[in-house]
Amino acid sequence: MKDSKPPSQKPPGKQGGLNTEIQSRIGHQLRAMYDDVVRQGVPDRFADLIRQLDSQEAATQIAGDPPKDGRD
Amino acid sequence: MPLTDSLRDDILATVPSLRAFAISLSGNADRADDLVQETLLRALAHIDSFQPGSNLPAWLFTILRNLFRSDYRKRRREVEDADGSYAKTLKSQPAQSAHLEFEEFRGALEKLPQDQREALILVGASGFSYEDAAAICGCAVGTIKSRVNRARSKLSALLYVDGAEDFGPDNTIRAVIGGGGG
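Protein chains in written order, with our numbering: chain Y, 221 to 292; chain S, 13 to 194.
Pasting the structure below:
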């Protein structure tokens, strides 16, 4: 911990760093941007992909082959 | 562990936030979906290495983040999302002023160093704890905390240059007009 600077050095109201109001605004925008995408749910593309791989997996296991790494 | 039905459902349930993370990292919707696809393929190929009961989203995010990193090193961001292909992925277009502000925010986010951007997104948007974010990024908890703090100060400097007193729509538009070069 540094003790060299007294905390009162910062001018009140306008410090060089983080204003709480700005910080909450940034947090809000960040989540808004993120949640816009989250709300789109699972595109068919990915649901299909998992289903496909799932049945491949089942087929592989029935055939008795060990699953291959990195197949696509 | 083997891919059980419930594990498969859990993976699918993580897809929306994986996409959001990928878009925030790459700034490009198409590339983000490719990243997610690759993540799913890799996760399923290595599903044996997933520890039952451990944090599945964190595991998937780690895979995606590492893929993005290696991809990034290779291609060095040759594709910028100049025409806003991200915005086209939104179901409802936001109102004009909100849209401007939104674009400005995204632009500022892209200017952050990658380390800081991913830390901020993981903690501030994905809702991971500092500990989980540190595990995902393979660094110390203190490192994540300082990255998040630096990301926040840099964003506020980029977005609200004039400081605290009067930010708002007017200020935002002034910033867009005045500082839109890049």
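No residue lacks a Cβ here, since even glycine has one placed at the ideal position from N, Cα and C.
Source: prediction; values computed, not measured.
| Check | Outcome |
| --- | --- |
| Residue-level contact to chain Y via CB, S:L15, 8 Å cutoff | yes |
| 8 Å Cβ cutoff met for S:L52 and S:I23 | yes |
| Chain-ordered chain Y contacts of S:R118 [CB-CB under 8 Å] | M253 |
| Under 7 Å from the C-beta of S:Y172: neighbouring residues of chain Y | I242 |
| DSSP state of S:A218 mapped onto helix, strand, coil | For residue 218 of chain S there is no data in the structure shown, the boundaries of chain S being 13 and 194. |
| Option nearest S:N40 by Cα separation, candidates S:L121, S:V153, S:Q128 | S:L121 |
| Member of S:G150, S:L19, S:F73, S:A55 whose CA lies at the smallest distance from the CA of S:R31 | S:F73 |
| Within 8 Å, strictly: CB atoms of S:Q149 and S:R54 | Inspection of the sequence shows that residue 149 of chain S is occupied by Cys rather than by Gln. Cβ distance not < 8 Å, so S:C149 and S:R54 don't count as in contact. |
| Exposure label - S:Y84; buried when at least 16 CB within 10 Å | exposed |
| Alpha-carbon spacing of S:F117 relative to S:Y142, whole angstroms | 23 Å |
| Beta carbon of Y:R251 nearer than 8 Å to that of S:A25 | no |
| Residues from the region 121-144 of chain S in contact with chain Y, defined by Cβ distance under 8 Å | L121, L132, I133, G136, A137, S138 |
| Neighbourhood of S:K157 by C-beta, 8 Å cutoff - its chain only, sequence neighbours within 5 removed | Y142 |
| Three-way DSSP call (helix, strand, coil) for Y:T240 in this model | helix |
| Short Cβ contact (8 Å threshold) for S:A145 with S:V135 | yes |
| CB contact below 8 Å: S:A32 versus chain Y | yes |
| For S:C149, three-class secondary structure by DSSP | helix |
| Member of Y:M253, Y:I242, Y:I246, Y:Q243 whose CA lies at the smallest distance from the CA of S:T111 | Note that residue 111 of chain S is His in the sequence shown, not Thr. Checking every option, the nearest Cα to that of S:H111 belongs to Y:M253. |
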